[in-house]
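The opening residue of the sequence shown carries number 10 in the working numbering; numbering runs sequentially from there.
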Amino acid sequence: MHIKHLGLVPYADAFEAMRLFTQDRNSETEDALWLCQHPAVFTQGLAGKASHVLDAGDIPVVSSNRGGQVTFHGPGQVVAYPLVDLKRAGYFVKEYVYKLEESVIRTLGDFGVVGHRIRSAPGIYVRLRAPHDHAQLPPPTLDEDPFAGLGKISALGIKVSRHCTYHGVALNVAMDLTPFDRINPCGYAGLRTVDLHTIGVDVGLSDVEQTLERYLSQFLGAV
């Protein structure tokens, strides 16, 4: 797996580069992992509803061909774009998503934070009052908010074209979170979004990026 660090790059530029890479690759093309940050931008998924953007203000809204609804990218957030040939790797999309989420969970674990999955809501969540608590989340009842007491710390959205992936996962480290108040994050009104700094973990962005890179390489690189 070829790893590339892009630094701070406009979302539209990264999107177009991923699309072209995937369009032009063949069965012999080496898989890649791109890591970067983006200037402030709202990105809207294929099925995204305009109503989930409450007040974009001066932040651009960019349409994307990934799955999911609207999310926010900005400095202080590690974004990882794995470009993987799933057919060659020998696993399906569901397992691929699991590997992405597990890489984030392991990364958080290295910094003492416990990440959780929520059924039918891709991404990783943390307990707001006890981010270090290892206890499993209780299953919500039918009339209960599944996000009660939780904050979303990592968003996930992918595209698969000819068995090859692009787009990926974002992990919030220490960023301006206020733009999330201008949207329904990932289509969920009132969903709280957090970063590591907010829950009391002060760590350098490069440290988080290197850790996430290591786990993604471990889970996706042996293909």
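C-beta atoms are modelled at their ideal positions from N, C-alpha and C, and glycine is treated no differently. Note that the structure is a prediction, hence the values are computed from the model and not measured.
Sequence-distant residues of the same chain with beta carbon closer than 8 Å to residue i, five excluded per side
{"i": "Ser226", "result": "Met10, Ile12 and Leu42"}
{"i": "Gln86", "result": "Gln46, His47, Ala179, Leu180, Asn181, Val182, Met184 and Asp204"}
{"i": "Val18", "result": "Cys45, Gln46 and His47"}
{"i": "Leu92", "result": "Met27, Phe30, Thr31, Arg34, Asp40, Ala41, Leu42, Trp43, Cys173, Thr174 and Tyr175"}
{"i": "Val232", "result": "Low confidence applies here, because Val232 scores a pLDDT of 38, under 50, leaving its location unreliable and the question unanswered by this model."}
{"i": "Phe101", "result": "Leu95"}
Proximity below 9 Å, CB of residue i to CB of residue j
{"i": "Val79", "j": "His61", "result": "yes"}
{"i": "Arg97", "j": "His176", "result": "no"}
{"i": "Val123", "j": "Pro147", "result": "no"}
{"i": "Leu137", "j": "Ile208", "result": "yes"}
{"i": "Gly213", "j": "Lys58", "result": "no"}
{"i": "Gly132", "j": "Thr52", "result": "no"}
Cut-off 7 Å between Cβ atoms - residues of its own chain near residue i, not counting five sequence neighbours on either side
{"i": "Asp119", "result": "Thr220"}
{"i": "Pro194", "result": "Thr80, Lys161, Leu200 and Thr202"}
{"i": "Phe228", "result": "Lys108, Glu111 and Ser112"}
Selected residue, minimal CA-CA separation from residue i, among the options
{"i": "Glu218", "options": "Val113, Ile127, Pro147 and Asn193", "result": "Val113"}
{"i": "Asp237", "options": "Gly230, Asp216, Gly132 and Arg191", "result": "Residue 237 lies beyond the range of the chain shown here (10 to 232); nothing can be said about it."}
{"i": "Ala23", "options": "Pro155, Pro194, Leu165 and Val88", "result": "Val88"}
{"i": "Val169", "options": "Glu37, Ser73 and Asp64", "result": "Ser73"}
{"i": "Val70", "options": "Ala130, Ala21, Phe228 and Tyr224", "result": "Ala21"}
{"i": "Leu15", "options": "Ile133, Leu55, Pro84 and Thr38", "result": "Pro84"}
{"i": "Ala130", "options": "Thr52, Asp216 and Ala164", "result": "Ala164"}
{"i": "Arg223", "options": "Thr52, Glu111 and Thr38", "result": "Glu111"}
{"i": "Gly121", "options": "Ser36, Asp211 and Asp64", "result": "Asp211"}
Host beta strand (DSSP E) of residue i (start-end)
{"i": "Ile12", "result": "His11 to Leu17"}
{"i": "Ala41", "result": "Ala41 to Gln46"}
{"i": "Val70", "result": "Val70 to Ser72"}
{"i": "Val50", "result": "Val50 to Gln53"}
Extent of the continuous alpha helix (DSSP H) to which residue i belongs
{"i": "Gln78", "result": "Where Gln78 is concerned, there is no enclosing alpha helix (DSSP H), given that its DSSP letter is neither H nor E."}
{"i": "Val93", "result": "That residue, Val93, is in no alpha helix (DSSP H); it is neither H nor E in DSSP."}
{"i": "Leu63", "result": "No alpha helix (DSSP H) holds Leu63; DSSP gives it neither H nor E."}
{"i": "Thr187", "result": "No alpha helix (DSSP H) holds Thr187; DSSP gives it neither H nor E."}
{"i": "Tyr224", "result": "Leu214 to Leu229"}
{"i": "Glu25", "result": "Tyr20 to Asp33"}
Sequence-distant residues of its chain with Cβ nearer than 6 Å to residue i (five each side left out)
{"i": "Leu117", "result": "Gly124"}
{"i": "Leu55", "result": "Asn74"}
What beta strand (DSSP E) runs, 3 residues minimum, are completely inside the segment 101 to 182? Counting whole runs of 3 or more residues, the segment 101 to 182 contains the beta strand (DSSP E) stretches 125 to 127, 130 to 136, 159 to 170 and 173 to 181.
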